[in-house]
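Visitor:
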Amino acid sequence: TVGAVALDQAGNLAAGTSTGGMTNKRFGRVGDSPIIGAGTYADPRCAVSATGHGEFFIRYTVARDICARVEYQSLPLPEAANIVVNDVLVKAGGEGGVIAMDRDGNVAMPFNSTGMYRGYVGEDGQPHVAIFKESEESASSP
Amino acid sequence: KWGLVIHGGAGVISRENLSAEREAEVRAALQQALQAGHAVLAQGGSSLDAVTAAVRILEDSPHFNAGKGAVFNHDGINELDAAIMDGATRSAGAVAGLRRVKNPIELARRVMEKSPHVMMMGEGAEQFAKAQGVELVDPKYFFTEDRWQSLQRALEKERAVPSQSPSSLLPGVDPVTGDHKFG
C-alpha cells in the first residue's frame, strides 16, 4: 500500500492511498485503502493515509478516529495518531501505521510494525526517508 | 509550513529481508515521490495535485504494493484499490477491484471530481475510466516475478493446511521478499 498527505500554501489538506490488496485474497475482499474514514481521510484540520491489516483499520475507523481526536479533543496530531496506532490498534491486534498532517504543518508517522516505508519533505525541499524504527535509522546512518 | 508526507507500506521489514540493493531502490523511489509532490507545492499547486503526483510515482514503482507492484489475488489476478480526499471540501473519491487501470489514484480523483458518487468498483469503475480517458493497460503490465512467487508460496502453504478457516488464513500471506504486509 502507498499513500500521501499534503498541506499546500493555501492551507488546504488532502490525503490519498493506493493498494494492491493482499496476496492470495479471495471473494472480492476489499481492505481499508478505498474506505473513506478507515484508510483515507481528510478534513480542514487533519489528513491521514493508512497502511496495515485493513480489517482492523476498517473496524476501528482509524483515519477518522485520529482526525476526530484532533477536532473534538484538541489533541496535538502526533499524540492523536500515536494513541490510535500504538494503543487502540495494538490492543486490538491490528498491525500497520499511518502518515498524517495537520493544518499547521505538524507531521506524524507512527507505526506498530517492525518497519514502514515513509518520508517527509517540507518547504526547504530536503527529502527525509526512513524504513526502520528511528533508533535503527540512527544506528545505520554513516 | 506546507509539505508532504508519504508511505510505501508497513509490515515486517527488517535488514535481514531487505537487501542493500533493494533498500537503495526503495529509498530512491520514495525520494522521487517526495520531490514530485514538493515540486507541485513549491509552485503553489494544490495539496490534491501534490498527493496525486506523489502516489503516481509510487504506483509506477515495482517495489510497493500498488499499481505496477501490486500483489496477486488467489486467482492470480492483480486487483487494485485507491481513494483520495480533499480536506477543504470533504469531497472524496474511491475505487476498488480494478484490473486494468494503470494509476488507480487518477481514477479515484475522477470519481471525486467528475461524478456525483464517492465509490465505484470493478467493471463499472473501468467503464468510467474509459469514458474519462484514464489510462488502461493490459493486466500483464502488473506482473512481477516476485509477487507471482509470493502467491505460489501462499497457495502452497494453503494446500499444506487445507483445514484453515478463512480468518486464520489472513496472517498466512507470504508476500514479496519475505516481508509481511497487509493492505
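Chains as they are written, first to last, in our numbering: chain A, 63 to 204; chain B, 337 to 519.
Beta carbons: idealized from backbone N, C-alpha and C, even for Gly.
Every value quoted in this text rests on a predicted model; they were computed, and no experiment measured them.
Would you mind reading off the limits of the beta strand (DSSP E) that contains serine 111 (chain A)?
Guide: 108–114
Visitor: Secondary structure at phenylalanine 478 (chain B), three-state DSSP: helix, strand or coil?
Guide: helix
Visitor: Which chain A residues are close to proline 440 (chain B), counting only those with a beta carbon under 7 Å from its beta carbon?
Guide: Ser80
Visitor: Where does isoleucine 342 (chain B) sit, in a helix, a strand or coil, going by DSSP?
Guide: strand
Visitor: With distances taken from CA atoms, which of B:Phe479, B:Arg445, B:Ala430 is nearest glycine 458 (chain B)?
Guide: The shortest C-alpha separation from glycine 458 (chain B) is found at B:Ala430.
Visitor: Write down the C-beta distance between valine 110 (chain A) and alanine 66 (chain A) rounded to the nearest angstrom, noting that I regard them as a contact closer than 8 Å.
Guide: The pair is not a contact, with the Cβ atoms about 11 Å apart (cut-off 8 Å).
Visitor: If we call anything under 9 Å between Cβ atoms a contact, is alanine 432 (chain B) one with leucine 75 (chain A)?
Guide: no
Visitor: In the structure shown, what three-state DSSP assignment does methionine 163 (chain A) receive?
Guide: strand
Visitor: Measuring only between beta-carbons, confirm whether glutamine 468 (chain B) sits less than 9 Å from chain A.
Guide: no
Visitor: Alpha carbons only, please: which of A:Asp166, A:Gly181, A:Ser95, A:Glu196 is nearest the one belonging to arginine 121 (chain A)?
Guide: Per the Cα distances, A:Ser95.
Visitor: Out of curiosity, what's the CA-to-CA distance linking leucine 434 (chain B) and glycine 99 (chain A)?
Guide: 21 Å
Visitor: Measure how close the beta-carbons of glycine 184 (chain A) and glycine 339 (chain B) come, nearest whole angstrom, since I'm counting them as under 8 Å.
Guide: 4 Å
Visitor: For isoleucine 393 (chain B), name the three-state secondary structure that DSSP assigns.
Guide: Looking at isoleucine 393 (chain B) - three-state DSSP - the assignment turns out to be helix.
Visitor: Closer than 8 Å is the cut-off here; do at least three beta carbon pairs connect the segment 169–186 of chain A with the segment 137–152 of chain A?
Guide: Segments in contact, yes.
Visitor: Just to confirm the assignment: which complete beta strand (DSSP E) runs, minimum length 3, are found wholly within the segment 80–107 of chain A?
Guide: 102–104
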